[in-house]
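*Asks:* The structure's right below; bear with me while I get my questions together.
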Amino acid sequence: MPFPASTPTPSPVPPPPPGQTSRLFWRWWRKQSPSQQDRYATLGPLVSVLLFLVAIIAAFWYLRNEEIEREQESVKRDTEVVQQQIRMRLVENQEQLLRMAREIAMKPASTEAFTRQAGDFVRARPEVTSVTWVQTDARVRAFRSALSLSMDPDAPSEDTSADARLDWREQFPGGEPMQAFQQARERGSAVYSRPYINAQGARTIQLHMPLVDRHGFAGTLVTEYALESLMRYLVPREIASRHAMSLVEVSGVVLTSTVGGVNERSAKPTFVHDVVVTPVGNGLILRGMGFRTSSSLVGNTLFWMVVALSGFTLWTLMGTLRHMRRRSQIQKTLVQETNFRRAMENSMLTGMRTIDLEGRITYVNPAFCAMSGFSEEELIGCVPPYPYWPKDRLEEFNRMFQQELLGRSPMGGIEVVMQRRDGSQFDARMYVSPLIDAQGDQTGWMTSVTNITEAKRVRDQLTAAHERFTTVLEGLDAAVSVVSVQRGELLFANRSYRLWFGANPDAHVQLTGGQVMPDEVIDGDESVDDFGGLPAHSLTNAGSDTREVFMEGVQKWFDVRARYVQWTDGNLAQMLIATDVTVRRQSEEAAARQAEKSQFTSRLITMGEMASTVAHELNQPLAAISNYCSGMISRVQAGSIDNEQLVGALEKTSRQAQRAGQIIHRIRQFVKRSEPQRQVCRVRDITDAVLELAVFEMKRRRVTLNSAVANRLPQLMADPILIEQVLLNLLKNAAEAIDSAQMPQSRRLIDLRVQLRRTEEQGQVIEFSVTDGGPGMKEEMLARLFEAFHSTKAEGLGIGLSLCRSIIESHHGRIKAENIYNEPSVTGCRFTFTLPVDNGAVADFADSGLPPSNDLLADNP
Numbered sequence: 004m005p006f007p008a009s010t011p012t013p014s015p016v017p018p019p020p021p022g023q024t025s026r027l028f029w030r031w032w033r034k035q036s037p038s039q040q041d042r043y044a045t046l047g048p049l050v051s052v053l054l055f056l057v058a059i060i061a062a063f064w065y066l067r068n069e070e071i072e073r074e075q076e077s078v079k080r081d082t083e084v085v086q087q088q089i090r091m092r093l094v095e096n097q098e099q100l101l102r103m104a105r106e107i108a109m110k111p112a113s114t115e116a117f118t119r120q121a122g123d124f125v126r127a128r129p130e131v132t133s134v135t136w137v138q139t140d141a142r143v144r145a146f147r148s149a150l151s152l153s154m155d156p157d158a159p160s161e162d163t164s165a166d167a168r169l170d171w172r173e174q175f176p177g178g179e180p181m182q183a184f185q186q187a188r189e190r191g192s193a194v195y196s197r198p199y200i201n202a203q204g205a206r207t208i209q210l211h212m213p214l215v216d217r218h219g220f221a222g223t224l225v226t227e228y229a230l231e232s233l234m235r236y237l238v239p240r241e242i243a244s245r246h247a248m249s250l251v252e253v254s255g256v257v258l259t260s261t262v263g264g265v266n267e268r269s270a271k272p273t274f275v276h277d278v279v280v281t282p283v284g285n286g287l288i289l290r291g292m293g294f295r296t297s298s299s300l301v302g303n304t305l306f307w308m309v310v311a312l313s314g315f316t317l318w319t320l321m322g323t324l325r326h327m328r329r330r331s332q333i334q335k336t337l338v339q340e341t342n343f344r345r346a347m348e349n350s351m352l353t354g355m356r357t358i359d360l361e362g363r364i365t366y367v368n369p370a371f372c373a374m375s376g377f378s379e380e381e382l383i384g385c386v387p388p389y390p391y392w393p394k395d396r397l398e399e400f401n402r403m404f405q406q407e408l409l410g411r412s413p414m415g416g417i418e419v420v421m422q423r424r425d426g427s428q429f430d431a432r433m434y435v436s437p438l439i440d441a442q443g444d445q446t447g448w449m450t451s452v453t454n455i456t457e458a459k460r461v462r463d464q465l466t467a468a469h470e471r472f473t474t475v476l477e478g479l480d481a482a483v484s485v486v487s488v489q490r491g492e493l494l495f496a497n498r499s500y501r502l503w504f505g506a507n508p509d510a511h512v513q514l515t516g517g518q519v520m521p522d523e524v525i526d527g528d529e530s531v532d533d534f535g536g537l538p539a540h541s542l543t544n545a546g547s548d549t550r551e552v553f554m555e556g557v558q559k560w561f562d563v564r565a566r567y568v569q570w571t572d573g574n575l576a577q578m579l580i581a582t583d584v585t586v587r588r589q590s591e592e593a594a595a596r597q598a599e600k601s602q603f604t605s606r607l608i609t610m611g612e613m614a615s616t617v618a619h620e621l622n623q624p625l626a627a628i629s630n631y632c633s634g635m636i637s638r639v640q641a642g643s644i645d646n647e648q649l650v651g652a653l654e655k656t657s658r659q660a661q662r663a664g665q666i667i668h669r670i671r672q673f674v675k676r677s678e679p680q681r682q683v684c685r686v687r688d689i690t691d692a693v694l695e696l697a698v699f700e701m702k703r704r705r706v707t708l709n710s711a712v713a714n715r716l717p718q719l720m721a722d723p724i725l726i727e728q729v730l731l732n733l734l735k736n737a738a739e740a741i742d743s744a745q746m747p748q749s750r751r752l753i754d755l756r757v758q759l760r761r762t763e764e765q766g767q768v769i770e771f772s773v774t775d776g777g778p779g780m781k782e783e784m785l786a787r788l789f790e791a792f793h794s795t796k797a798e799g800l801g802i803g804l805s806l807c808r809s810i811i812e813s814h815h816g817r818i819k820a821e822n823i824y825n826e827p828s829v830t831g832c833r834f835t836f837t838l839p840v841d842n843g844a845v846a847d848f849a850d851s852g853l854p855p856s857n858d859l860l861a862d863n864p
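Numbering (the working numbering), first residue to last: 4 to 864.
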């Protein structure tokens, strides 16, 4: 079978030959500027020395780190070997003690047998200081101490029966042994205590091996280890000669060490490795430490010599590089200065021309060439008459040139007319100054030329606009004046101001109410400019005001509008426009008086329409008074009445007279003519007064009136008489609509509701609504309902609802009317008006005890 064709591997690109690399380098080198070549030539040796120094430092750093790692590994290895030795010895001892504990628990032995076994155990293990048999009541049954042993194993043991009466806690003071004893009792396994200082002043630990028989816990075998002996006999000599081994607690306190004088205050070792001593635990740590004894400075003399020589070489090269850089910067600064001056001359919009003392042109800039239309070659070397002089003004220009050579040109410049190459002319201003060289000698004259054609045209237009604006202001019927805020000087006054008040600022101050300087920037120090440093837009927006002022001198009312403007000299000024509004003011006063008469007339009309009802209502108490008097006269004449019955009849007569007086007083207050006066009033007082008057009309027309006034309504700032007039007019109109439509008794109802609401336009308002069960109104009537002299009744005058609307709007309220629908049919009409509540108004708690809704009148026929 054919084998698949193998994909050919691309051959590696051969490296360029050495000759080609050299050519590429020299080609790149020739492209660099001389300053860059100098910089590279200086940086080459500097980089070489830096690389050499870095290589030396890296070599020394590598060798030192390798030595440190070897030493650290040696400390770690020796520490783990010592830990293994201690762990194996402790485990071996723990197993031997476990066998001894089982023998004592299974077959109780005598104290002599225990003493013999414990003595053999202590004698074979120099790190053990004592073995004690402790009973369950923490009393010593028997013990064996290394201090009581003799060197001969066959020698008789000392008697320890006397010590059996001792309390174990007295023999081993401190909390650590007792805590280990309790843990051995609870766990039932071997427990090591925390390190403590025994009675001999040695740091020790205890191993508590529990004795468990068939009855349970029977005591412990307490083996005490001396930590110093543990380190002395279990740390190999070769390890102790190389490194220091210490037993420390978790808190860092050194318990014992193979090196004398090592504690927490000793010098910090170079290498440290910690391992936990098992199976002891309880925060006992074996710490291996290594110390460096050789001096780094002496051992690394070669290194510091290489560093010093490299630093000296670097300092020499840096000095050379700094010197070359300074020369390069000076050269670059000179080139930049020359280029900057040349660019500035070429970029100027002002034409520059230089002539020598004989009048020959020696220099022109591009702006002068563009201005005149001639090239630099055409102008250099020219003598008067110059080609840009107009042909018809050669004599004038020649005279000005002579003055220029004599140095008599004015400092403010000369306004001249220059001619371009194409023959067109333009206005220019020339400034001439002497040209001084570096030695202080005058070598010619320097002339700057500015094209002022556009500026002159704008200036002419501004002058014409100023004249037109002044003409308009002079023709105004309003007085216009401008007064300086700083000096109080009249800066401008038109013809009307001068005609009415003369050419003084006193009338301006009177019209503004004496406030020429804005309140926001008034300062007591008159020697300091109060507006210095402030932005102009903040000044001109400050203190704008509109008011109406009456001037006694001319007996006229003026509508005054004032604002602050920035005057032509940059200072702040106040502009005032006073318009004569005397005729409008008189018309408004006449309209106000007419409205007051209309309100009084409306109240009289209302009372006239209700006269028969009021007369009928007064007839009842008067008839009752007459009957009471006739009855008393008859009984007094007959002698059949005593004093008590006479007093009762007189009291009833008095109450009927008071009722008639209240009705007459309420009517008199309603129709009494008085000036409109707003005051703080309670809503419930207004509704109660209206209901007292409306009850007569409701009874006459057989209409039931229900009222619901919310409790704790805030007080109003209003005229109570006018609000009563509006509410009474709405109730009377509702009763007339129901009666004229001859509505059935089920719909002869009127609801008056007063409640607190919040609207988006007015905020918090008190809403009065009058809802009737009449026939409603057509949509076209609703649209024109509040128009003056428009009435829905054939005999109506059309001023009632219009007057209601004027009263409510004068109180900043709203009034509206709407039909009430039940499916497609109209079931009545609702009139609603709202009165705003002041933010600081308080709730009226006087009516908090009244129910929110009461049927005040339900007089059904």
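Every residue gets a Cβ at the ideal spot worked out from N, C-alpha and C, and that includes glycine.
Keep in mind the model is a prediction, meaning the values are calculated, not measured.
Quick one: grab the DSSP three-state call for Asn-863.
*Replies:* As a position in the sequence shown, residue 863 is number 860, starting the count at 1. Here the model assigns Asn-863 a pLDDT of 36, short of 50, so the residue's position is not dependable and the matter cannot be decided.
*Asks:* Using 10 angstroms around the beta-carbon of Leu-230, count the other beta-carbons present and answer buried if the total reaches 16, otherwise exposed.
*Replies:* To locate residue 230, count along the sequence shown from 1; it is residue 227. Leu-230 is buried by the Cβ-count criterion.
*Asks:* Given that a residue counts as buried once 16 or more other Cβ atoms are within 10 Å of its Cβ, and exposed if not, what is Ile-200?
*Replies:* Translated into positions along the sequence shown, residue 200 becomes position 197. Per the 10 Å Cβ criterion, exposed.
*Asks:* Hey, how far is the Cα of Lys-781 from the Cα of Ser-629?
*Replies:* To locate residue 781, count along the sequence shown from 1; it is residue 778. To locate residue 629, count along the sequence shown from 1; it is residue 626. Those two C-alpha atoms are separated by around 50 angstroms.
*Asks:* Can you tell which of Gln-75, Thr-707, Gln-86 has its C-alpha closest to the C-alpha of Gly-293?
*Replies:* Residue 293 sits at position 290 when you count from the first residue of the sequence shown. The shortest C-alpha separation from Gly-293 is found at Gln-75.
*Asks:* Roughly how far, in whole angstroms, is the beta-carbon of Val-686 from the beta-carbon of Val-757, given that I think they are within contact range, below 8 angstroms?
*Replies:* Taking the sequence shown and counting its residues from 1, the one referred to as residue 686 is at position 683. Taking the sequence shown and counting its residues from 1, the one referred to as residue 757 is at position 754. That belief holds up - the Cβ atoms of Val-686 and Val-757 are roughly 6 angstroms apart, short of 8 angstroms.
*Asks:* I need the boundaries of the beta strand (DSSP E) containing Lys-814, first residue and last residue.
*Replies:* On the sequence shown, residue 814 is found 811 positions in, with the first residue counted as 1. For clarity, residue 814 is His in the given sequence; the question names Lys instead. Neither: His-814 is in no beta strand (DSSP E) and is coded neither H nor E.
*Asks:* Kindly indicate the opening and closing residues of the alpha helix (DSSP H) around Phe-699.
*Replies:* As a working mapping, residue 699 is identified with position 696 in the sequence shown. Residues 686 to 703.
*Asks:* Nearest by alpha-carbon distance to Gln-88: which of Gly-447, Met-248, Phe-220 is it?
*Replies:* Here residue 88 corresponds to residue number 85 of the sequence shown, with the count starting at 1. Closest by alpha carbon: Met-248.
*Asks:* Given 8 angstroms as the limit, is there contact between the segment 765 to 776 and the segment 826 to 844, that is, 3 or more CB pairs closer than that?
*Replies:* Counting Cβ pairs under 8 angstroms, three or more are found: they touch.
*Asks:* Return helix, strand or coil for Asp-430, following the three-state DSSP convention.
*Replies:* Here residue 430 refers to the residue found at position 427 when the sequence shown is read from its first residue. Strand at Asp-430.
*Asks:* Is the number of C-beta pairs between the segment 355 to 367 and the segment 334 to 346 that are closer than 8 angstroms three or more?
*Replies:* Output reads no: the segment 334 to 346 does not touch the segment 355 to 367.
*Asks:* Run through the segment 299 to 323 for me and flag every whole beta strand (DSSP E) of 3 or more residues, listed as ranges in chain order.
*Replies:* Counting only runs of 3 or more, we get nothing.
*Asks:* For Arg-462, name the three-state secondary structure that DSSP assigns.
*Replies:* For the purposes of this step, residue 462 is identified with residue 459 of the sequence shown, where counting begins at 1. Helix.
*Asks:* With respect to the alpha helix (DSSP H) encompassing Thr-385, which residues constitute its N-terminal and C-terminal limits?
*Replies:* Translated into positions along the sequence shown, residue 385 becomes position 382. According to the sequence shown, residue 385 is Cys rather than Thr. No alpha helix (DSSP H) holds Cys-385; DSSP gives it neither H nor E.
*Asks:* How many whole angstroms separate the CB atoms of Thr-226 and Leu-101, which I take to be in contact at a CB cut-off of 8 angstroms?
*Replies:* For the purposes of this step, residue 226 is taken as the residue at position 223 of the sequence shown. For the purposes of this step, residue 101 is taken as the residue at position 98 of the sequence shown. About 11 angstroms separates the two Cβ atoms, so there is no contact after all.
*Asks:* State the Cα-Cα distance for the pair Gly-177 and Gln-203, rounded to the nearest angstrom.
*Replies:* Translated into the one-based positions of the sequence shown, residue 177 becomes position 174. Translated into the one-based positions of the sequence shown, residue 203 becomes position 200. Each residue's alpha carbon lies about 13 angstroms from the other.
*Asks:* Quick one: give me the first and last residue of the beta strand (DSSP E) that Leu-759 is part of.
*Replies:* Start at 1 with the first residue of the sequence shown, and residue 759 comes out as number 756. Start and end: 752 to 762.
*Asks:* Is the distance from the Cβ of Ala-576 to the Cβ of Val-488 below 9 angstroms?
*Replies:* Start at 1 with the first residue of the sequence shown, and residue 576 comes out as number 573. Start at 1 with the first residue of the sequence shown, and residue 488 comes out as number 485. Yes, Cβ-Cβ distance for Ala-576 and Val-488 is below 9 angstroms.
*Asks:* Taking the alpha helix (DSSP H) that Ser-375 belongs to, which residues open and close that run?
*Replies:* The residue given as residue 375 occupies position 372 in the sequence shown. From DSSP, the alpha helix (DSSP H) with Ser-375 extends over 369 to 375.
*Asks:* Kindly indicate the opening and closing residues of the alpha helix (DSSP H) around Met-181.
*Replies:* Working through the sequence shown from its first residue, we reach residue 181 at position 178. Residues 178 to 190.
*Asks:* Within the continuous beta strand (DSSP E) that includes Gln-569, where are the two ends?
*Replies:* Within the sequence shown, numbered from 1, the residue matching residue 569 stands at position 566. First-last of the beta strand (DSSP E) with Gln-569: 559 to 569.
*Asks:* Please report the residue range of the alpha helix (DSSP H) in which Gly-122 lies.
*Replies:* Along the sequence shown, one-based indexing puts residue 122 at 119. Gly-122 -> alpha helix (DSSP H) spans 114 to 127.
*Asks:* Is Thr-118 close to the ligand HEM? I mean its beta-carbon at under 8 angstroms from any heavy atom of the ligand.
*Replies:* Questions concerning the ligand HEM fall outside what the structure shown contains, since it holds no ligand whatsoever.
*Asks:* Can you give the beta carbon distance from Tyr-228 to Glu-130, rounded, assuming they're within the 8 angstroms contact cut?
*Replies:* By one-based count along the sequence shown, residue 228 stands at place 225. By one-based count along the sequence shown, residue 130 stands at place 127. Right, the Cβ-Cβ distance comes to about 6 angstroms (below 8 angstroms), so this counts as a contact.
*Asks:* Mind checking Glu-727: buried by the 16 CB within 10 Å criterion, or exposed?
*Replies:* Taking the first residue of the sequence shown as 1, we reach residue 727 at position 724. Buried: at least 16 other Cβ atoms inside 10 Å.
*Asks:* Quick one: give me the first and last residue of the alpha helix (DSSP H) that Glu-241 is part of.
*Replies:* Here residue 241 is taken as the residue at index 238 of the sequence shown, counted from 1. Where Glu-241 is concerned, the enclosing alpha helix (DSSP H) stretches over 240 to 245.
*Asks:* Rank Ser-113, Glu-477, Gly-776, Trp-570 by C-alpha distance to the C-alpha of Ile-823 and give the top, closest one.
*Replies:* Within the sequence shown, numbered from 1, the residue matching residue 823 stands at position 820. Closest by alpha carbon: Gly-776.
*Asks:* Using only CA atoms, which one of Ile-753, Gly-416, Gly-222 lies nearest to Ser-710?
*Replies:* Residue mapping note: residue 710 aligns to position 707 of the sequence shown, counting from 1. It is Ile-753 whose Cα lies nearest to the Cα of Ser-710.
*Asks:* Would you grab the beta carbon distance between Met-433 and Val-452 for me? Rounded to a whole angstrom, and I think it's under 8 angstroms.
*Replies:* Start at 1 with the first residue of the sequence shown, and residue 433 comes out as number 430. Start at 1 with the first residue of the sequence shown, and residue 452 comes out as number 449. Met-433 to Val-452, Cβ: 5 angstroms. Contact.
*Asks:* How would you label Ala-565, buried or exposed, when you count the other beta carbons within 10 angstroms and need 16 or more for buried?
*Replies:* Counting from one through the sequence shown, the residue named residue 565 turns up at place 562. Counting Cβ neighbours within 10 Å, Ala-565 comes out buried, since at least 16 surround it.
*Asks:* Let me make sure I understand the geometry here. Which of Met-347, Arg-363, Pro-239, Val-338 has the alpha-carbon closest to that of Pro-369?
*Replies:* For the purposes of this step, residue 369 is identified with residue 366 of the sequence shown, where counting begins at 1. Measuring from the Cα of Pro-369, the nearest candidate turns out to be Met-347.
*Asks:* Assuming Leu-476 and Val-486 form a contact by the criterion Cβ under 8 angstroms, report the distance between their Cβ atoms to the nearest whole angstrom.
*Replies:* Here residue 476 refers to the residue found at position 473 when the sequence shown is read from its first residue. Here residue 486 refers to the residue found at position 483 when the sequence shown is read from its first residue. In fact, because the Cβ distance is near 15 angstroms, the residues do not count as touching under 8 angstroms.
*Asks:* According to DSSP, simplified to helix, strand and coil, what is Pro-213?
*Replies:* In the sequence shown, residue 213 corresponds to position 210, counting from 1. Note: Pro-213 maps to strand in three-state DSSP.
*Asks:* Once the 5 residues before and after Asn-349 are set aside, which same chain residues still bring their CB inside 6 angstroms of it?
*Replies:* Position 346 of the sequence shown, counting from 1, holds the residue named residue 349. So the list reads Pro-369, once near-sequence residues are dropped.
*Asks:* According to DSSP, what are the bridge partners of Ala-496?
*Replies:* The residue given as residue 496 occupies position 493 in the sequence shown. The partner list for Ala-496 (beta bridge, DSSP) reads Ser-484.
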